[in-house]
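The opening position of the sequence shown corresponds to residue 31 in the working numbering, with each subsequent residue numbered one higher. We put the beta carbon where it would ideally sit given N, CA and C, even for glycine. These numbers come from a predicted model, not from an experiment. Each remark here refers to the structure printed beneath this line.
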Amino acid sequence: HDGRNEMRLTLASGERVVLQDTYVAGGSLYGYPKDATATGSPVSVPLGDIRQADLRKPHASKPLGYVIGGALIAGTVAASATLFGAVRQ
């Protein structure tokens with residue numbers, strides 16, 4: 031928890047969340063709330079709940095934005111395919 035990157039998230043609900051030291055694992059974005067102490071536990075946000083993600087400090091973590099963007103696009107495509115498949119039946 032050293033503040034190398036900071037993600038500003040806008041969730042599907044409209045809520046805004048700022049997380050530091052973010053990483054993607056198992057369909058969720060993990061990170062530490064901006065004002066958390068170094069010993070705090072990371073929180074998780076399901077990728078499907080993220081409407082927009084902005085990387086504030088694009089250090090070496092710039093590829094994370096591409097990973098999240100790709101995961102959001104893949105999730106949207108999968109959800110669309112599921113929805114249209116259900117409508118056809």
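Worksheet item: Would the beta-carbon of V75 fall within 8 Å of that of L85?
Response: no
Fill in: Close beta carbons around G78, own chain, < 7 Å, minus the five adjacent residues each side
G105
Worksheet entry | Whole-angstrom distance between I80 and G120, CA atom to CA atom | Absent from the model: residue 120. The displayed extent of the chain is 31 to 119, so no value can be given.
Item to complete: Could you check what DSSP says for A42 in three-state terms: helix, strand or coil?
Response: coil
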